[in-house]
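Notes follow once the structure below has been shown.
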Amino acid sequence: MITIKMKLIPLLVSATFLSGCTIEPGSHLSTSGKDVVEQQDSNFDIDKYVNVFPLTPSLVERMRPKPLVAQTNPALQNEIQNY
Numbered sequence: 017m018i019t020i021k022m023k024l025i026p027l028l029v030s031a032t033f034l035s036g037c038t039i040e041p042g043s044h045l046s047t048s049g050k051d052v053v054e055q056q057d058s059n060f061d062i063d064k065y066v067n068v069f070p071l072t073p074s075l076v077e078r079m080r081p082k083p084l085v086a087q088t089n090p091a092l093q094n095e096i097q098n099y
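In our numbering, the protein residues as written are 17 to 99.
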């Protein structure tokens, strides 16, 4: 029984560390004391180029593609009969 617990402890510890990385990945990284490279487009104003619309259920319903419905093609039927 003790050997099972001893084998289970490293597994639980490693699972705890790995699950912590999924909750807050990279949250412990700080930029203090490091060289921060400023990008050329860091002050880029995207508001000039983008329109933002609220996503509402009615907008989703309007943008939903209409279901395709099979229709008869009389011209094709005539072509087949005349073949």
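Beta carbons are placed, not taken as given, at the ideal position from N, Cα and C, and that holds for glycine.
Bear in mind the structure is a predicted one, so any value in this text is a computation, not a measurement.
Local conformation of residue i per DSSP, three classes
i, result
"Phe-60", "coil"
"Gln-55", "coil"
"Asn-67", "coil"
"Thr-19", "helix"
"Pro-90", "helix"
"Leu-45", "coil"
"Val-29", "helix"
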